[in-house]
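Protein chains in written order, with the numbering used here: chain H, 374 to 520; chain V, 374 to 520.
First the structure, in the form of structure tokens, and then the observations on it.
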DNA sequence: CTTCAATTGTTGAATATTCAATATTTTCAA
DNA sequence: TTGAAAATATTGAATATTCAACAATTGAAG
């Protein structure tokens, strides 16, 4: 029967710490690959979400790409300058802004996807198929149970 | 046999994204608890690492608490002002600074530990003993395989 | 209808983080 | 022993993030 860590347990026994550590490491590797195109991880996420071709509101996007609103606004400003995405006011609710991906954005996203898949292949090799899919399953379930 | 996500797979199938999402969620919960004492998660980590009573160099600490050097230096500055920790020059290598936890820091750390254990108990309840320990095992192993 | 609260997104100031440069000390090869 | 390279920590400027306040629009109760 599992117990929570004792009060004086080392920090490495805490789930919060293990998640932070793993996230940092994997993120660093991904960052390294994406830097080949000079794009931060968050922008790849944005492009990926928008690449369904649908319009997504800022709130929806912020949730999906794990950024809070003001940070997203400013990152989108940059991406608009780079003509990777564009804004359209939602005709059904004029408080909202719908974000779309441009052709240039789609082209870039394609390259980034390939770099990201490279990384996952690398993880599969060193970490193993079984562990990877089991870890993904457990993470999904943890996220579910936290809502 | 597991495959990496396809190029056009949704972002939610990427390990990097699932880790980021889980980390964000768990971290947010922990943050919420620790905010009762007005302490950011990183400071709890620092106090916890130092609470072995040994002196730890800045580089060692930075590695352990997942912060890069300049960020750590500035956070330590604040904690020194709050008299939670103090600096001592390493007599064996005068390039190094050894960090120690103060009595006040120990007292605070104790309260924080209890809040953190509360959280893990809460996770155990909603997520399950089995899943939690299996997830920890897989995360440790992922971290290992990334070095 | 009208008004007031809630929702959505942006802005500006305050804060925090990062990058590059620096200072100090140690290591080590010549 | 000396001088150059490496290791360690800090600093300051540039950048990014966050918080609180704001503006615009919608929803909904009276």
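Don't be surprised by glycine CBs; every beta carbon is placed ideally from N, CA and C.
Keep in mind the model is a prediction, meaning the values are calculated, not measured.
query	result
Going along the chain, which unbroken runs of the beta strand (DSSP E) with 3 or more residues stay wholly within the segment 412–480 of chain H?	458–462 and 470–474
Using beta carbons (cut-off 8 angstroms, strictly below), is residue 445 (chain H) in contact with chain V?	no
For the segment 379–394 of chain H, which residues have a CB atom closer than 9 angstroms to at least one CB atom of chain V, in sequence order?	379, 380, 381, 382, 383, 384, 385, 386, 387, 388, 389, 390, 391, 392, 393 and 394
Could you check which residue in V:386, V:399, V:378 and V:384 has the C-alpha nearest to that of residue 518 (chain H)?	V:399
Let me check understanding here. Comparing Cα to Cα, which of H:389, H:420 and H:418 lies closest to residue 414 (chain V)?	H:389
Applying the 10 Å Cβ sphere with the 16-neighbour rule, what's the burial state of residue 478 (chain V)?	buried
Mind checking which residues open and close the alpha helix (DSSP H) that includes residue 504 (chain H)?	502–518
Assign residue 461 (chain V) to buried or exposed, taking buried as 16 or more other Cβ atoms, counted over all protein chains shown, within 10 Å of its Cβ.	exposed
Does residue 489 (chain H) come out as helix, strand or coil in the three-state DSSP assignment?	helix
Report the rounded CA-to-CA distance for residue 463 (chain H) versus residue 469 (chain H), giving the unit in angstroms.	5 angstroms
Can you list, in chain order, the residues of the segment 410–427 of chain V whose Cβ is nearer than 9 angstroms to any Cβ on chain H?	414, 417, 418, 421, 422, 424 and 425
Leaving out the 5 sequence neighbours to the left and right, which residues in its chain are closer than 7 angstroms to residue 435 (chain H) when beta-carbon positions are compared?	441, 442 and 445
Compute the Euclidean distance between the alpha carbons of residue 472 (chain V) and residue 377 (chain V), then round it to the nearest angstrom.	43 angstroms
Are the CB atoms of residue 402 (chain H) and residue 439 (chain V) nearer to each other than 8 angstroms?	no
Considering only the alpha carbon of each residue, which of V:406, V:418 and V:382 lies closest to residue 385 (chain H)?	V:418
From residue 481 (chain V) to residue 451 (chain V), what distance separates their C-alpha atoms?	15 angstroms
Could you check whether the segment 482–491 of chain V touches the segment 504–512 of chain V, counting it as contact only if at least three pairs of C-beta atoms, one from each stretch, sit closer than 8 angstroms?	no
On the criterion of 16 or more Cβ atoms from any shown chain inside 10 Å, does residue 498 (chain H) qualify as buried, or is it exposed?	exposed
Can you tell me whether residue 381 (chain H) is buried or exposed, with buried defined as 16 or more other CB within 10 angstroms of its CB?	exposed
If you draw a straight line from the alpha carbon of residue 500 (chain V) to that of residue 456 (chain H), how long is it in whole angstroms?	43 angstroms
At least one CB of chain H closer than 8 angstroms to the CB of residue 397 (chain V): is that the case?	yes
So residue 420 (chain V) packs on residue 474 (chain V), CB below 8 angstroms; how close in whole Å?	6 angstroms
Would you say residue 391 (chain H) and residue 509 (chain V) are within 8 angstroms of each other, going by their C-beta atoms?	yes
Leaving out five residues before and five after residue 458 (chain V) in sequence, what residues of the same chain have Cβ atoms less than 8 angstroms from its Cβ?	419, 420, 423, 449, 452, 472, 473, 474, 475 and 478
Determine the extent of the alpha helix (DSSP H) in which residue 382 (chain H) is found, giving its start and end residues.	No alpha helix (DSSP H) contains residue 382 (chain H), which DSSP labels as neither H nor E.
Hey, is residue 490 (chain H)'s beta-carbon within less than 8 angstroms of any beta-carbon in chain V?	yes
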